[in-house]
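Everything below concerns the one structure shown next.
Number of protein chains: 2
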Amino acid sequence: MMTGLDIYNPISGEMARVEELLIESIDSELTTLDQAATHLIRAGGKRLRPAFVLLAAKVFADEVEKAIPLATSLELVHMASLVHDDVIDNSELRRGQPTVKNRWGNRISLYTGNYVLAKSLALAAGYRRSDILAVLADASMRICEGEIKQMRSCFNIKQGLKDYLRRIERKTALLIAVSCQLGAMLSDAAAHQVRALERYGYYLGMAFQVTDDILDFVASEEVLGKPVGSDIRQGVITLPAIYALHYGQERDQLGKMLASPLACNRQAEEIISLICDSEGIDYAYHVSNKFAQRARQQLRHLPDRPVKDTLYEIASYISAREY
Amino acid sequence: MMTGLDIYNPISGEMARVEELLIESIDSELTTLDQAATHLIRAGGKRLRPAFVLLAAKVFADEVEKAIPLATSLELVHMASLVHDDVIDNSELRRGQPTVKNRWGNRISLYTGNYVLAKSLALAAGYRRSDILAVLADASMRICEGEIKQMRSCFNIKQGLKDYLRRIERKTALLIAVSCQLGAMLSDAAAHQVRALERYGYYLGMAFQVTDDILDFVASEEVLGKPVGSDIRQGVITLPAIYALHYGQERDQLGKMLASPLACNRQAEEIISLICDSEGIDYAYHVSNKFAQRARQQLRHLPDRPVKDTLYEIASYISAREY
Chain W
1 MMTGLDIYNP ISGEMARVEE LLIESIDSEL TTLDQAATHL IRAGGKRLRP
51 AFVLLAAKVF ADEVEKAIPL ATSLELVHMA SLVHDDVIDN SELRRGQPTV
101 KNRWGNRISL YTGNYVLAKS LALAAGYRRS DILAVLADAS MRICEGEIKQ
151 MRSCFNIKQG LKDYLRRIER KTALLIAVSC QLGAMLSDAA AHQVRALERY
201 GYYLGMAFQV TDDILDFVAS EEVLGKPVGS DIRQGVITLP AIYALHYGQE
251 RDQLGKMLAS PLACNRQAEE IISLICDSEG IDYAYHVSNK FAQRARQQLR
301 HLPDRPVKDT LYEIASYISA REY
Chain B
324 MMTGLDIYNP ISGEMARVEE LLIESIDSEL TTLDQAATHL IRAGGKRLRP
374 AFVLLAAKVF ADEVEKAIPL ATSLELVHMA SLVHDDVIDN SELRRGQPTV
424 KNRWGNRISL YTGNYVLAKS LALAAGYRRS DILAVLADAS MRICEGEIKQ
474 MRSCFNIKQG LKDYLRRIER KTALLIAVSC QLGAMLSDAA AHQVRALERY
524 GYYLGMAFQV TDDILDFVAS EEVLGKPVGS DIRQGVITLP AIYALHYGQE
574 RDQLGKMLAS PLACNRQAEE IISLICDSEG IDYAYHVSNK FAQRARQQLR
624 HLPDRPVKDT LYEIASYISA REY
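Sequences listed follow chains W and B, in order. Here the working numbering is used: position 268 in the first sequence is 268, and no number is missing along the way. Going from the second sequence to the working numbering is simple: count from 1 and add 323.
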């Protein structure tokens, strides 16, 4: 989804090391665990979180090699939450690959998630910096709360914009914010600069998730790596749906359908049409653009270095993704 | 199960604060999460891990108030693993109470476990001591490996003493060892004393788990808070069974039954009789006594303080528990 722009250019060498370290860090003697975790790593992904750790570190230092384990740790935190999400969502595919849950079952998925999370903390603990670990522990806690919120909001047509925003904050923005924050902390940036990068990551993550939720309506299955309309089918009500529920012409009919697990599953295409007919998609793009703009504004607090241009471009690109 | 001895006497004030802090630390705004976690705390338990943190700290200092959050953190780590175990084991009762899984389902259990674990790390992170967090992160990882091992060992009649010991090491001994170790570290004990307390906790934890596994055969449902023979019914092969599989007169018949999930479930009482008829229970008591003895031997490295007598008595008591 980031093909139009190579955000990895300034950090390509370090990202290759992250990929190696991901594999190395899962060297369990337990075959099943090793296979499940390796499957998870090989399934790929955008590696956004490690990229942001490295990019943020690079705002303050040319040499960011020491940030590689921390970058890897952030990807492992993210992966752990994905495995657990798959247990909860009963997903069969992620990024076009069978999920760990689909291949090894719930039990292995649960423990693989726990193991990968513990590994990530052990990697971060290697820095012997309690400030970094405190940020990670706090983020883990808030992400858990977000996961429970997401679960409880399914099929709830009474939720508003605020509920949605708080939900995606925990689901996505928080960990990207923390990635930027920790990268800056590791480069010993000044407190106001750490804060600016954290805000940058936060707004960028919000823009990213809103756009991702739009893509679930409008992209092709090929691009998504999973069926179009997965959210709707599972009763996950995202921004375009919330807009349509409030302002769409057929909002009453839509409300009835979205409140029913059966209708969400069987009449997903009809629901998607109703949402696309409202201006929900355009509205969501507008919201995503606003967040991206705020992300760019944070950059003014940072020193003028080449990597700042990359961060600016990412924020411009993210809300203008093709679909 | 520790009623014959009050190990909490030297630390009763601090333990009361641990109980309060357990409740305070679960102050989530999310009702379900709050209820599930509170249920978990209220279900009680022996609070062994916090007790060992405090007792170990008290070997080197009279005033151990600052160890209270760390003690609470260790109980939360333990609770998180219990909730996840219940998801995996499909247990309906724990300590005579419905499990979180039984009452709220798998999804809430999974996230409650994650949340409680994250909370525990956040509490420990409050000390801003990276050495303490490194020990905790490493222990979490090794505990996960142990959980997967336990799962894969069910119905496996080829396992020997070594497999069993390695399994209970991860399941129980490790976290009790870490509790003792961290308590000593927080009191700034010398390295060799920290090590002695860690070994003490390790051997004590081994003795404790072997005795616990014996109780599953010989105690009453009232004492256990769950049905007698739960392990056998789930195909969990513990020390008395391993002995009987190797040396019992009816070992072939026993082997066939223990390898079959159906027989374990339907003929549990017959299996238990076969194991009790071998000398498996006596042998397990012998092993437990050996571990308790080694635990006591570690104490000679510690300064002579009243709390050392308590630690000595615990080790003497643990392998002589009534049943």
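Don't be surprised by glycine CBs; every beta carbon is placed ideally from N, CA and C. Computed from a predicted structure; not experimentally measured.
So glycine 494/B contacts chain W; which residues on that side make the cut at Cβ distance below 7 Å? Reading the sequence as shown, one finds lysine at residue 494/B and not glycine. Ordered by position in chain W, no residue passes the 7 Å Cβ test against lysine 494/B, which lies about 13 Å from the chain.
Mind listing the chain W neighbours of tyrosine 438/B? Cutoff is C-beta to C-beta under 8 Å, in chain order. Against chain W, a Cβ distance below 8 Å from tyrosine 438/B picks out Met141, Cys144, Glu145, Ile148.
Valine 228/W and glutamate 221/W: beta carbons closer than 8 Å? Yes, the pair counts as a contact, with Cβ atoms nearer than the cut-off.
Assuming contact is defined by CB atoms lying nearer than 8 Å, are glycine 524/B and arginine 490/B in contact in what I supplied? Pairing glycine 524/B with arginine 490/B gives a Cβ-Cβ distance that is not under 8 Å.
Serine 12/W classed as buried or exposed, judged by whether at least 16 other C-beta atoms fall within 10 angstroms: With a threshold of 16 other beta carbon atoms within 10 Å, serine 12/W falls short and is exposed.
What is the residue span of the alpha helix (DSSP H) that glutamate 14/W lies within? Segment 12 to 25, the alpha helix (DSSP H) holding glutamate 14/W.
Looking only at its own chain, which residues have a Cβ that is under 8 Å from the Cβ of asparagine 114/W, when we skip the five neighbours before and after it? Non-local C-beta neighbours of asparagine 114/W in its own chain, meaning closer than 8 Å and more than five positions away in sequence, comprise Ala80, ordered along the chain.
Express the C-alpha separation of valine 376/B and serine 611/B in angstroms, rounding to a whole number. In a straight line, the C-alpha of serine 611/B is about 22 Å away from that of valine 376/B.
Within 8 Å of any Cβ in chain W, is that where the Cβ of arginine 489/B sits? Residue-level contact by beta carbon fails for arginine 489/B and chain W, as no gap is shorter than 8 Å.
If we call anything under 8 Å between Cβ atoms a contact, is cysteine 264/W one with arginine 233/W? Between cysteine 264/W and arginine 233/W, the gap from beta carbon to beta carbon is short of 8 Å.
For a contact meaning CB atoms closer than 7 Å, what does aspartate 461/B contact in chain W? Those are Ala122, listed as they occur along chain W.
For the putative contact between serine 130/W and leucine 456/B, defined by C-beta atoms under 8 Å, what is the C-beta separation to the nearest angstrom? Cβ atoms of serine 130/W and leucine 456/B come within 8 Å of each other, at about 6 Å.
Which of helix, strand or coil does DSSP assign to proline 326/W? Residue 326/W lies beyond the range of chain W shown here (1 to 323); nothing can be said about it.
Can you give the Cα-Cα distance for aspartate 627/B and methionine 580/B, rounded to whole angstroms? Taking the straight line joining both Cα atoms gives about 51 Å.
Distance, Cα to Cα, alanine 259/W vs alanine 241/W? About 12 Å.
Would alanine 51/W pass as an interface residue toward chain B - the criterion being a Cβ-Cβ separation below 8 Å? No, its Cβ sits nowhere closer than 8 Å to a Cβ of chain B.
Nearest to leucine 22/W by alpha carbon, out of Ala36/W, Arg49/W, Ala67/W, Ser73/W? Of Ala36/W, Arg49/W, Ala67/W, Ser73/W, the residue nearest in Cα terms is Ser73/W.
Can you find the residues in the same chain that come closer than 7 Å, C-beta to C-beta, to arginine 17/W, ignoring five residues on each side of it along the sequence? The residues Ile68, in chain order, have a CB closer than 7 Å to that of arginine 17/W in the same chain once the five nearest residues on each side in sequence are set aside.
Note down, in chain order, every chain B residue with its Cβ under 9 Å from the Cβ of serine 25/W. Within 9 Å Cβ-Cβ: nothing; serine 25/W doesn't reach chain B, min ~10 Å.
What does the alpha-carbon distance come out to for the pair lysine 631/B and leucine 538/B? So the two alpha carbons sit approximately 27 Å from each other.
Say whether chain B places a C-beta atom closer than 8 Å to the C-beta of alanine 315/W. Any Cβ of chain B closer than 8 Å to the Cβ of alanine 315/W would place that residue at the interface, and such an atom is absent.
Report yes if the CB atom of glycine 205/W is closer than 8 Å to the CB atom of threonine 172/W, and no otherwise. Taking the C-beta atoms as reference points, threonine 172/W is found nearer than 8 Å to glycine 205/W.
Is leucine 302/W near valine 77/W, with beta carbons less than 8 Å apart? Contact annotation: leucine 302/W and valine 77/W have beta-carbon atoms that are not nearer than 8 Å.
Looking only at its own chain, which residues have a Cβ that is under 6 Å from the Cβ of alanine 512/B, when we skip the five neighbours before and after it? Cβ neighbours of alanine 512/B beyond the five flanking positions: Phe383.
Let me know the secondary structure DSSP gives phenylalanine 291/W once reduced to three states. If DSSP states are grouped into helix, strand and coil, phenylalanine 291/W belongs with the helices.
Interface residues of chain B facing lysine 119/W [CB-CB closer than 8 Å]: Chain B residues near lysine 119/W: Met464.
Going along the chain, which unbroken runs of the alpha helix (DSSP H) with 4 or more residues stay wholly within the segment 446 to 527 of chain B? Those alpha helix (DSSP H) runs which fall completely within the segment 446 to 527 of chain B and span 4+ residues are 453 to 475, 484 to 491, 497 to 509.
If you drop the 5 nearest sequence neighbours on each side, which residues of the same chain put their C-beta closer than 7 Å to that of alanine 125/W? Within the same chain, Cβ atoms closer than 7 Å to the Cβ of alanine 125/W are found at Leu133, the five residues on either side in sequence being excluded.
What does leucine 456/B touch in chain W if you count any residue whose Cβ is under 7 Å from its own? Chain W residues near leucine 456/B: Ala125, Ser130, Leu133.
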